[in-house]
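Just below is one structure, and these are the notes that go with it.
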DNA sequence: CTGTCGCCTGGAGCGCGCTCCAGGTCAAGA
DNA sequence: TCTTGACCTGGAGCGCGCTCCAGGCGACAG
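Protein chains in written order, with this note's numbering: chain A, 3 to 122; chain B, 3 to 122.
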């Protein structure tokens, strides 16, 4: 059930350096250590890391991620705030997708235009 | 019909510094200058800049943008390569959107889970 | 005639998110 | 016993895409 840093990194798809960085900046507080100081990741740590990574990959900046991590540490009372934060992120993803689709439309128009010119 | 740097920046929605930077790195070669060395943007320059900006905003890295700008300067013979480049970018936008939707799914599942816990 | 404004240049600096490095500890295998 | 390998730390460095700065120039307003 516990994972070494290398296993954790492999499972989530990040580098060990990223894991250490996340701990350093307060995104992953409370990860246990073994007798010689090496990190030991629980299943729960992994899912936390996975969620953080998912939020990060979908565009959440580190500062916001830190806020989320803080709320996670705040226990049950912060569940509402966590939900609100995720809901806002959800909306931001929608907006980003909409924006990408607009840009894609323009790209496609340009492609169509190049094609129409090609067949003179 | 011609625009000053400030007007060009305003119309496209970038800073003058960005315009200068784009010229410096070869994305906007061939912009004319007036008698004292100030840039003069034609309608065509604006649409070029606008397209570059659109590609950039939709995630194309500068190196690729540079390649595209080179092709633009290559004239009619490069139209096919330009089209190919834009088509690939179009696919990349699709992939990025798909990825975002996956991540959004996970975010929504987490929200749903928080909600289900809240109503114990 | 003196601001002030918009622009010019080359080059330094910045914010983000890692990534790499030097130097060290311990454990297990040959 | 020696080596290899995974991990540790603090801190420097990096790649990207701008952004800002100092110092200067010409045009136009008061």
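Yeah, the Cβ is synthetic: ideal placement off N, Cα and C, and Gly gets one too.
Keep in mind it's a predicted model, so treat the numbers as computed, not measured.
Item, Value
"Between residue 79(B) and residue 31(B), is the Cβ-Cβ spacing less than 8 Å?", "no"
"Could you name each continuous beta strand (DSSP E) segment of 3 residues or more that falls completely within the stretch 80-115 of chain B, going from the start of the chain to the end?", "none"
"Determine the DSSP secondary structure at residue 16(B), reduced to helix, strand or coil.", "coil"
"Looking only at C-alpha atoms, which of 116(A), 93(A) and 98(A) sits nearest to residue 89(B)?", "116(A)"
"So which residues on chain B does residue 109(A) lean against when the C-beta distance must stay under 9 Å?", "53, 56, 57, 60, 88, 89, 91, 92 and 95"
"What are the boundary residues of the alpha helix (DSSP H) that includes residue 64(B)?", "64-75"
"For residue 84(B), go through chain A and note every residue whose CB falls closer than 7 Å to its CB, in chain order.", "116"
"Please report the residue range of the alpha helix (DSSP H) in which residue 52(B) lies.", "45-59"
"Within the same chain, show all residues whose beta-carbon is closer than 6 Å to that of residue 60(A), passing over the 5 residues directly before and after it, in chain order.", "95"
"Name the chain B residues that come within less than 7 Å of residue 102(A), Cβ to Cβ?", "60, 95, 98 and 99"
"With a Cβ-Cβ cutoff of 8 Å, do residue 110(A) and residue 92(B) count as a contact?", "yes"
"Could you confirm whether any beta carbon from chain B is found closer than 8 Å to the beta carbon of residue 119(A)?", "yes"
"Residues in the same chain with beta-carbon distance under 6 Å from residue 70(B), minus the five sequence neighbours each way, listed in chain order, please.", "87"
"For residue 54(B) and residue 42(B), what's the separation of their Cα atoms in angstroms?", "18 Å"
"Determine the direct distance from the alpha carbon of residue 25(A) to that of residue 58(B), and round the result to whole angstroms.", "32 Å"
"Assuming residue 10(A) and residue 51(A) are in contact, meaning their beta carbons sit under 8 Å apart, how far apart are those beta carbons, in whole angstroms?", "7 Å"
"Using only the alpha-carbon positions, how far apart do residue 77(A) and residue 99(A) sit?", "32 Å"
"Against chain A, does residue 71(B) count as a neighbour if the rule is that its beta carbon must be under 8 Å from one of theirs?", "no"
"Between residue 14(B) and chain A, is any beta-carbon pair separated by less than 8 Å?", "no"
"Just mark residue 27(A) as buried or exposed, buried being the case when its beta carbon has 16 or more other beta carbons within 10 Å.", "exposed"
"Using 10 angstroms around the beta-carbon of residue 107(A), count the other beta-carbons present and answer buried if the total reaches 16, otherwise exposed.", "exposed"
"Enumerate in chain order the residues of its own chain whose CB-to-CB distance from residue 18(A) is below 7 Å, with the five nearest sequence positions on each side excluded.", "7, 8 and 11"
"Can you grab the Cα-Cα spacing for the pair residue 83(A) / residue 120(B), in whole Å?", "12 Å"
"Where does residue 33(B) fall in DSSP's three states?", "coil"
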